[in-house]
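Participant: The opening residue of the sequence shown carries number 22 in this note's numbering; numbering runs sequentially from there.
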Amino acid sequence: MTVNTTTAGPQTDNPRLGIVLRILSGLLFAIMAIFIKALSDHVPVGQIVFFRSAFALIPLVIFLWLRSEFPAGLATRRPVGHLLRSGFGAAAMFASFASIARLPLAEATLLGYLSPVFTAVAGVTILSEKATIWRIGGVLLGVAGVLALVWPELGNGNGDVSRLVGYGLGLIMGLLTAFALIMVRSLNRTESPGAIAFYFVVASMIGGIATMPFGWVWADAHSLLFLVLAGIFGGLAHIAMTLAFRNAEASLLAPFEYLAILWPVLADLLIFKALISSAFLVALPLVLAGAGLAAVEGRRRADR
22 MTVNTTTAGP
32 QTDNPRLGIV
42 LRILSGLLFA
52 IMAIFIKALS
62 DHVPVGQIVF
72 FRSAFALIPL
82 VIFLWLRSEF
92 PAGLATRRPV
102 GHLLRSGFGA
112 AAMFASFASI
122 ARLPLAEATL
132 LGYLSPVFTA
142 VAGVTILSEK
152 ATIWRIGGVL
162 LGVAGVLALV
172 WPELGNGNGD
182 VSRLVGYGLG
192 LIMGLLTAFA
202 LIMVRSLNRT
212 ESPGAIAFYF
222 VVASMIGGIA
232 TMPFGWVWAD
242 AHSLLFLVLA
252 GIFGGLAHIA
262 MTLAFRNAEA
272 SLLAPFEYLA
282 ILWPVLADLL
292 IFKALISSAF
302 LVALPLVLAG
312 AGLAAVEGRR
322 RADR
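1. Indicate whether LEU192 and GLU128 have their beta-carbon atoms separated by less than 8 Å.
2. Straight-line CA distance for ILE297 to ASP289?
3. DSSP three-state call for ARG210: helix, strand or coil?
4. Assess, as a yes-or-no matter, whether the stretch 298-313 is touched by the stretch 63-83 under the definition of 3 or more beta carbon pairs within less than 8 Å.
5. With DSSP as the reference, label VAL238 as helix, strand or coil.
6. For LEU246 and VAL186, I'd like the C-alpha separation in whole angstroms.
7. Could you check the C-alpha separation between ASP62 and PRO125 for me, to the nearest Å?
8. Looking only at its chain, what residues have a beta carbon closer than 6 Å to the beta carbon of VAL24, apart from the 5 residues adjacent to it on each side?
9. Once the 5 residues before and after THR28 are set aside, which same chain residues still bring their CB inside 6 Å of it?
10. Say whether the stretch 101-117 touches the stretch 139-146, bearing in mind that this needs 3 or more beta-carbon pairs closer than 8 Å, one atom from each stretch.
11. Identify whether HIS103 lies in helix, strand or coil by the three-state DSSP scheme.
12. With a threshold of 8 Å, are at least 3 pairs of Cβ atoms found where one atom belongs to the stretch 45-60 and the other to the stretch 256-268?
13. Count the other CB atoms within 10 Å of the CB of PHE84; is the residue buried (16 or more) or exposed (fewer)?
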């Protein structure tokens with residue numbers, strides 16, 4: 022899941038560096054997802070969530086300390102807001118990893134791009150914002166993309182139940198991510214990006230370790246290495262994304278955000294030897310176009 026949940030912060034106006042960092046963050050998130058996919062057939066999701074979060078904390082704390090934001094920058098006036106954002110984000114991580122376990126990596130990643138569409142819907146239904154042509158178009162394209170992706174399973178009387186569950190979890194992940202994004206936008210007014218990221222990681226750790234009574238496994242050296250690397254690459258990816266948005270405007274970085282789908286596609290083909298389905302090829306432009314329209318609407322509102 023590479024949907025941006027960070028904030029721009031004070032920009033240093035270095036767009037080339039911002040673009041490089043945004044591309045790098047997409048690659049790092051993809052590497053993290055590869056490790057998660059490789060672990061998902063024998064390591065429980067809750068255990069993966071814990072290790073991914075615990076070891077992401079290491080580069081995050083170092084980054085905040087180098088910026089003189091740790092621990093002073095963690096002070097907050099809105100603990101309930103952090104609790105809600107972290108809860109939504111942690112639940113989205115569980116759903117995302119469970120979806121990755123059941124679907125090709127490219128398909129699971131594509132469903133994550135629906136979060137701007139869900140955010141647009143939430144803005145209209147929850148925040149009473151105007152249903153503009155941009156939002157309506159984004160929602161319609163997003164729905165069409167989902168239907169194109171899942172129709173081969175729905176239209177088949179002997180559809181793969183595991184894949185259908187994976188699609189459902191991916192949609193839940195997109196919805197939860199949308200709620201987390203709404204909370205991030207609210208927290209941005211008073212809280213630092215470092216504090217938002219830190220409390221999210223801690224909440225995910227707590228959520229992960231709470232699943233221990235439900236059956237963690239004793240990881241061998243190979244699996245333990247993958248668990249650690251998933252966390253470290255996830256933490257580095259978030260840092261790269263944060264720095265990208267501090268060096269360039271979101272509108273400039275948007276095309277490179279959608280370019281990140283290339284890495285999961287290559288991972289499926291070259292590492293997991295999974296063929297790219299025709300349904301995915303049809304759904305890909307529809308979902309990305311829907312996400313793009315919804316994101317454009319969000320940025321138009323932010324600029325006003």
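Where a beta carbon is used, it is the ideal one built from N, C-alpha and C, also for glycine.
Note that the structure is predicted; figures quoted are calculated from it, not measured.
Facilitator: By the coordinates alone:
1. As a working mapping, residue 192 is identified with position 171 in the sequence shown. As a working mapping, residue 128 is identified with position 107 in the sequence shown. It is not a contact, given that the beta carbons lie outside the stated cut-off.
2. For the purposes of this step, residue 297 is taken as residue 276 along the sequence shown, with counting starting at 1. For the purposes of this step, residue 289 is taken as residue 268 along the sequence shown, with counting starting at 1. Spanning the alpha carbons of ILE297 and ASP289 requires a straight line of approximately 8 Å.
3. In the sequence shown, residue 210 corresponds to position 189, counting from 1. Here ARG210 sits in coil by DSSP.
4. As far as the Cβ criterion goes, the stretch 63-83 does not touch the stretch 298-313, which means the pair count is below three.
5. As a first step, residue 238 is located in the sequence shown; it is residue number 217 there, counting from the start. Reduced to three states, the DSSP call for VAL238 is coil.
6. Numbered from its first residue, the sequence shown carries residue 246 at position 225. Numbered from its first residue, the sequence shown carries residue 186 at position 165. Put simply, the backbone Cα of LEU246 is about 28 Å away from that of VAL186.
7. Position 41 of the sequence shown, counted from the start, is the residue given in the question as residue 62. Position 104 of the sequence shown, counted from the start, is the residue given in the question as residue 125. Note on geometry: alpha-carbon atoms of ASP62 and PRO125 lie some 13 Å from one another.
8. By 1-based counting over the sequence shown, the position of residue 24 is 3. Because the pLDDT at VAL24 is just 46, under 50, the model does not fix this residue reliably, and the value given afterwards should be weighed accordingly. Answer for VAL24: GLY133, SER136 and THR198, listed in chain order.
9. To locate residue 28, count along the sequence shown from 1; it is residue 7. With a pLDDT of 47 at THR28, under the threshold of 50, the modelled position of this residue cannot be trusted; read the value that follows with caution. Cβ neighbours of THR28 beyond the five flanking positions: ASN209 and PRO214.
10. In this structure the stretch 101-117 does not lie against the stretch 139-146, because fewer than three pairs of beta carbons, one per stretch, are closer than 8 Å.
11. Against the sequence shown, residue 103 aligns to sequence position 82. Three-state DSSP puts HIS103 in a helix.
12. Yes, the stretch 45-60 is in contact with the stretch 256-268.
13. Along the sequence shown, one-based indexing puts residue 84 at 63. Buried is the label assigned to PHE84, since at least 16 other Cβ atoms lie within 10 Å of its Cβ.
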